[in-house]
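Participant: Position one of the sequence shown corresponds to residue 1 (full-length UniProt numbering), numbered consecutively onward. Where is the CB? At the ideal position from N, CA and C, for every residue including glycine. Here the structure is a predicted model, which is why all the values come from computation and not from measurement. This is the structure I want to talk about, given as structure tokens.
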Amino acid sequence: MVGFDIALLPVLRELAERGSVTAVATATHRTPSAVSQQLRTLQRQAGVPLVERVGRGVRLTEHGRVLAGLATGVATALATVESAWREHLDGATGTVDLAVFPSAAELLLPGLLTRMRAHPGIALQLSDVDVSEGEFAPLTADHDVVIGHRSDGARGADRRSVETVPLLREPLDVALPLDHPLADRQRVGIEDVVGATWIGVPEDYPIDRVLTAVAAATDAPPEVAFRTIHLPVIENLVAAGHGIALVPRYTSRTRAPGRFRLATLADVRAGRRIEALVRPDRAVRPAVRVVLEALVAEATALTS
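Put into structure tokens, the structure is as follows:
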């Protein structure tokens with residue numbers, strides 16, 4: 001049996017997730033030389049090459065990728081033991097770092113904080129994030145729980161390294177100025193919005209992927225006048241008559257009355273899936289489990 005110090009496995013796992021020795025050093029508060037030394041030690045103990053040099057950096061070999069994947073299981077097993085012991089001694093206590101993008105925070109955070117009053121031993125540390133849909137999973141390296149979203153049909157996070165807890169599917173509606181010719185319609189079809197001026201989000205964000213699908217169905221590229229990550233700005237531009245937009249139904253409907261109309265988009269399944277992402281070794285922490293359960297309960301209440 002190959003023998004090595006399992007305390008060195010986390011540095012290999014971090015390299016697999018972060019991609020460079022410098023990034024691992026920054027995240028783990030070590031120097032790059034210290035990280036490189038640990039990798040050399042682990043490689044010597046394992047008896048096979050775990051990393052190889054590429055240009056000025058390094059990448060994992062096939063052996064390295066396999067061992068990095070096994071490191072996740074080791075970390076989860078150790079965390080399970082530690083968490084069970086802490087729960088035995090103190091119950092569900094501690095700080096949970098929650099990263100959430102703005103419109104999900106609008107939707108979920110007030111109710112979540114209300115539910116967490118029943119757990120005074122748990123402190124939530126909140127971080128605002130807003131990235132393209134493929135960049136949420138990597139954030140789990142730095143946060144206990146990450147609330148992300150992805151468009152219908154988009155591939156989810158790699159289940160081997162990140163656990164996904166579904167929260168809700170939020171339909172996307174078409175936001176229209178009050179004086180728009182379609183403003184009195186409850187449903188609008190794809191052909192109705194061909195040639196429209198759109199207010200959009202950055203490319204590769206979930207809502208933009210749906211807009212791209214709409215365009216593909218008509219062979220007419222969308223005319224996007226402005227792009228912004230801020231939903232209230234999008235709504236304000238629509239209300240002022242500068243275009244139409246795809247907006248999340250549950251989040252925008254509270255601000256729509258008297259300012260803009262919401263219409264269902266026919267012919268296209270338009271929606272985004274909001275989910276909580278967490279590393280397996282953090283998911284076993286009692287405090288993290290409590291937060292995840294509260295998120296699921298709040299999402300269920302919003303859609304029931």
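Flag this pair as touching only if the stretch 14-25 and the stretch 53-61 have three or more C-beta atom pairs under 8 Å; answer yes or no.
Facilitator: yes
Participant: Whole angstroms are fine: how far does the CA of Ala46 sit from the CA of Met1?
Facilitator: For Met1, the predicted structure reports a pLDDT of 39, less than 50, and the residue's modelled location is therefore unreliable. A value from the coordinates is still provided. Cα to Cα, Met1 sits roughly 10 Å from Ala46.
Participant: Checking the sheet assignment: what are the DSSP bridge partners for Arg86?
Facilitator: The partner list for Arg86 (beta bridge, DSSP) is empty, contrary to what the question assumes.
Participant: With a floor of 3 residues, list each beta strand (DSSP E) that falls wholly inside the stretch 35-84, ordered by position along the chain.
Facilitator: 51-54, 57-60
Participant: Grab me the residues of Ala75's own chain with a C-beta within less than 6 Å of its C-beta, minus the 5 sequence neighbours each way, in chain order.
Facilitator: Correct list, in chain order: Asp281.
Participant: Report the CB separation of Ala225 from Ile199 in whole angstroms; it is logged as a contact under 8 Å.
Facilitator: About 6 Å separates the CB atoms of Ala225 and Ile199; that is less than 8 Å, so the two are in contact.
Participant: Along the beta strand (DSSP E) that carries Glu163, what are the first and last residues, could you check?
Facilitator: That run of the beta strand (DSSP E) goes 163-177.
Participant: Do Leu168 and Thr303 come within 8 Å of each other at the CB atom, strictly closer than that value?
Facilitator: yes
Participant: Would the beta-carbon of Asp101 fall within 8 Å of that of Asp130?
Facilitator: This sequence places Phe at residue 101; Asp is not what is there. Contact flag set, yes.
Participant: At the level of alpha carbons, what is the spacing between Asp158 and Ala287?
Facilitator: For Asp158 and Ala287, the distance between alpha carbons rounds to 23 Å.
Participant: Starting from the C-beta of Pro206, find all residues in its chain whose C-beta is less than 6 Å away, skip the five residues before and the five after it, and write them out in chain order.
Facilitator: Glu133, His149, Arg150, Ser151, Arg272
Participant: In chain order, what residues of the same chain have a beta carbon less than 6 Å from the beta carbon of Thr197, not counting five sequence neighbours either side?
Facilitator: Glu223, Ala225, Gly243
Participant: Evaluate the contact criterion for the stretch 65-81 versus the stretch 261-271: three or more CB pairs, one atom per stretch, below 8 Å.
Facilitator: no
Participant: Which class does Leu262 belong to by DSSP, given the choice of helix, strand or coil?
Facilitator: strand
Participant: Decide if Ser83 is buried, meaning its Cβ has at least 16 other Cβ atoms within 10 Å, or exposed.
Facilitator: With at least 16 other beta carbons inside 10 angstroms of its own, Ser83 counts as buried.
Participant: How many Å lie between Val278 and Gln186 at the Cα?
Facilitator: 38 Å
Participant: Report the three-state DSSP secondary structure of Arg117 (helix, strand or coil).
Facilitator: coil
Participant: List the residues that DSSP assigns as beta-bridge partners of Gly134.
Facilitator: Paired residues: none, contrary to the question.
Participant: With a CB to CB cut of under 7 Å and the five nearest residues on each side skipped, what residues in its chain are close to Ala92?
Facilitator: His119, Gly121, Ile122, Pro286, Ala287, Val290
Participant: Which of the three DSSP states is assigned to Met1 in this structure?
Facilitator: Interpretation of Met1 is limited by its pLDDT of 39, a score under 50 that renders its predicted location unreliable; the figure taken from the coordinates is listed afterwards. Residue state, collapsed to three classes: coil.
Participant: Run through DSSP, which three-state label would Pro280 get?
Facilitator: helix
Participant: Identify the residues that DSSP records as bridge partners of Gln125: which are they?
Facilitator: Asp97
Participant: For the alpha helix (DSSP H) containing Thr212, name the first residue and the last one.
Facilitator: Residues 206-218.
Participant: How long is the line joining the alpha carbons of Gln125 and Gly195, rounded to whole angstroms?
Facilitator: 44 Å
Participant: Could you say which of Ala283, Arg86, Pro10 lies nearest to Val162 if we only look at CA atoms?
Facilitator: Among Ala283, Arg86, Pro10, the Cα nearest to that of Val162 is on Ala283.
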